[in-house]
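Residue numbers (this note's numbering): 597 to 889.
Just below is one structure, and these are the notes that go with it.
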């Protein structure tokens, strides 16, 4: 399928939209913050299956009266399966074993405890640092790779800005939706970054080919390259989205946070590879003739 869309006609509206999106995402992160999971915040998470669907209000009241710290209770996939989150407490007498024992003694005897996870506050803080480093180093590594592969810092910087755009807007998505942010969320962000850079590399590779064999003006050449790769970009995005939607519907509560972020990431990554990364090459002063650079 051949396209002939003048994408560069919309570069400034796209830049404005992206600036608003990134600014909104940063504001959400600063004022609403992330709904940090046990991985980062520390505490205990218990997945329990009851024989009959419990009354969440009564269950919450019963757990609060145990004196084991602040709790969050929600259905998990079905009414009989409940996810209990207990925040870390400074009471040294409340060990992990004591808390679990109190829960089991006061809840229904036929309750099936499917999962019990515990993360100490020190481990949670260490995971925050490691997660931040993982995202930062991956972005920098991609920047260096693009720079050397395409022999121009403009390509590397354009790709890096598009990646930051995708990562920050995804963090904004987590802040807005208040989906639990845990290690799976970090995996989603890194996967989104990889997906986005793959789309960008495909477009950049076509730009490099056209630079060699075409005498068109640079903005026409970049526009041609985007159109030539558009069918591939759209087909990849659509098939990926179909798989993600199926996983969202049938995969259960455990993967919903990861899949939701991935759906957003595929959409925003496709947008940024077309409207952000390529136009930035011209904005940063890339020249067709090396003598002009």
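The C-beta atom is built at its ideal place from N, Cα and C for all residues, glycine as well.
If you look at residue 679, you'll find it isn't in any alpha helix (DSSP H); it sits in the beta strand (DSSP E) that goes 674-683.
Of the residues 740, 867 and 877, the one whose Cα lies closest to the Cα of residue 617 is 867. Residue 704 carries a coil assignment under DSSP once its states are collapsed to helix, strand and coil. According to DSSP, residue 709 shares a beta bridge with 644. Looking from the CA of residue 807, the closest CA among 747, 649 and 789 belongs to 747. Shown here for residue 706: same chain residues with a beta carbon closer than 7 Å to its own, the five before and five after excluded, namely 647 in chain order.
With 16 or more other Cβ atoms from the protein chains shown falling within 10 Å of its own Cβ, residue 875 counts as buried.
Beta-bridge partners of residue 669 (DSSP): 680. Around the beta-carbon of residue 669, 16 or more other beta-carbon atoms lie within 10 Å, marking it buried. Looking at the DSSP output, residue 823 shares a beta bridge with no other residue. Each of 857, 613, 602 and 691 was checked against the Cα of residue 789, and the nearest Cα belongs to 857. In its chain, beyond the 5 residues on either side, 610 have a beta carbon closer than 6 Å to the beta carbon of residue 871. Within the stretch 825-863, not a single complete alpha helix (DSSP H) segment reaches 4 residues in length. DSSP lists 777 as the bridge partner or partners of residue 632. Between residue 640 and residue 714 a beta carbon distance of about 5 Å is seen, short of the 8 Å cut, so the two are scored as contacting.
Around the beta carbon of residue 642, 16 or more other beta carbons sit within 10 angstroms, so the residue counts as buried.
For residue 880, there is no enclosing alpha helix (DSSP H), as DSSP gives it neither H nor E.
When the five nearest sequence neighbours on each side are left out, the beta carbons in the same chain lying within less than 8 Å of the beta carbon of residue 855 are those of 840, 843, 844 and 847, in order along the chain. Collapsing the DSSP output to three states places residue 639 in a strand. Taken through DSSP and simplified to helix, strand or coil, residue 599 comes out as coil. About 6 Å separates the beta carbon of residue 766 from that of residue 785, a gap short enough to meet the 8 Å contact definition.
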